[in-house]
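Undergrad:
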Amino acid sequence: MKKVGDKLIPKTEDEFDAEDIKKVENYAKAINMLYCAVNPDDYRKISCCSTAKEMWDKLEVTYEGTDQVREAKVDFLCNTPTA
Numbered sequence: 055m056k057k058v059g060d061k062l063i064p065k066t067e068d069e070f071d072a073e074d075i076k077k078v079e080n081y082a083k084a085i086n087m088l089y090c091a092v093n094p095d096d097y098r099k100i101s102c103c104s105t106a107k108e109m110w111d112k113l114e115v116t117y118e119g120t121d122q123v124r125e126a127k128v129d130f131l132c133n134t135p136t137a
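Last residue of the sequence shown: 137 in my numbering, with the numbers rising by one and none dropped.
1. Considering only the beta carbon of each residue, do L131 and A106 sit closer than 8 Å?
2. Just the Cα atoms here: how many angstroms apart are A72 and K57?
3. In this structure, how does DSSP classify K112 when only helix, strand and coil are distinguished?
4. State the beta-bridge partners of I63 as determined by DSSP.
5. Candidates I100, N93, A91, T116: which alpha carbon is nearest M109's?
6. The alpha helix (DSSP H) with V123 in it runs from where to where?
7. How far does the alpha helix (DSSP H) with V78 in it extend, from its first residue to its last?
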C-alpha cells in the first residue's frame, strides 16, 4: 500500500520493492502450508477462503470452537464432579 494524500491505495506490481516481493512470497507460502497441512475434509472447508487469515480462523473454529463454545467447555469441566 502507498499513501496518496490521506488515502492508502494498493501499489502496482511495477512499484513493488524487494520488501513487497518478499511479503507476497511469504503470504503465498503461508497459504500453501495451510493447504498442505490439512486433511481432505478441512481442505474443502478452507479452499473457498480468500485469505490466509480467513483460512486460519475457519480452522480455529473447527478445532477449538468459538469463544462461547470454549467458555462452555471450561465451565462444564470445572463443574463436573471427579470420581
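Beta carbons: idealized from backbone N, C-alpha and C, even for Gly. Only a predicted model underlies this, so the values are computations on that prediction, with no experimental measurement involved.
TA: So, from the listed chains and residues:
1. no
2. 18 Å
3. helix
4. K56
5. I100
6. 121-133
7. 72-91
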